[in-house]
Amino acid sequence: MERTLSIIKPDGVSRGLIGDVIKKIEGRGLKIVAMKMLHLTPAEARGFYAVHRERPFFEGLTTFMSSGPAVVMVLGGDNAIARWRELMGATDYRKAAEGTIRREFATDIEKNVVHGSDAPETAAFEIGYFFNRLEIFV
Ligand code: ATP
Ligand code: MG
Numbered sequence: 294m295e296r297t298l299s300i301i302k303p304d305g306v307s308r309g310l311i312g313d314v315i316k317k318i319e320g321r322g323l324k325i326v327a328m329k330m331l332h333l334t335p336a337e338a339r340g341f342y343a344v345h346r347e348r349p350f351f352e353g354l355t356t357f358m359s360s361g362p363a364v365v366m367v368l369g370g371d372n373a374i375a376r377w378r379e380l381m382g383a384t385d386y387r388k389a390a391e392g393t394i395r396r397e398f399a400t401d402i403e404k405n406v407v408h409g410s411d412a413p414e415t416a417a418f419e420i421g422y423f424f425n426r427l428e429i430f431v
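So the sequence shown is numbered by this note's numbering: it starts at 294 and just counts up by one.
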């Protein structure tokens, strides 16, 4: 079983989309094996998105990610990383496929409702950023 980190970003939480996102996750057969709500500090958001620190959107992204509470989850299942990214849809919601979360709910390339790890190494880093072993239920 593969694991991936999923976040319902502050826009998704403030717009009341937690239930819709979880419905789609479970409906797609991905298993939620860890979950918590937290409000990232700007420093914590910068640490999480450190791979993007040279990008022009880094300041905006980390300000947004620390603007309110988010829901962080570990999802498990066969091919969980790719399957969760497929369900999220493209980063730019205008290019996201029909039926994806971003196509249905996102309003902005930055405020795109959800996050998903993009590879096994980033999944391991991101899961460890938020959860310890005792908080993950296989
Ligand atoms: P995520 O890592 O959040 O799952 P992603 O892998 O689809 O999204 P990345 O390229 O890793 O996309 O970008 C991280 C996040 O930065 C995006 O989800 C989005 O919130 C923001 N972002 C990406 N590109 C832009 C952009 N051109 N302008 C503004 N924000 C952007
Ligand atoms: Mg990414």
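Every residue gets a Cβ at the ideal spot worked out from N, C-alpha and C, and that includes glycine.
- Cα atoms of N425 and I318: separation of roughly 22 Å, rounded to the nearest angstrom.
- Between the alpha carbons of G421 and A390 lies a distance of about 30 Å.
- For A338, the enclosing alpha helix (DSSP H) begins and ends at 335-341.
- Around I311, the same chain offers I301, G305, V364 as residues with beta carbons nearer than 8 Å, after the five sequence neighbours per side are excluded.
- Exclusion of the five residues before and after W377 leaves T297, S299, L323, L368, G409 as the residues of its chain whose Cβ lies within less than 7 Å of its Cβ.
- Pairing K329 with M358, the inter-Cα distance amounts to about 15 Å.
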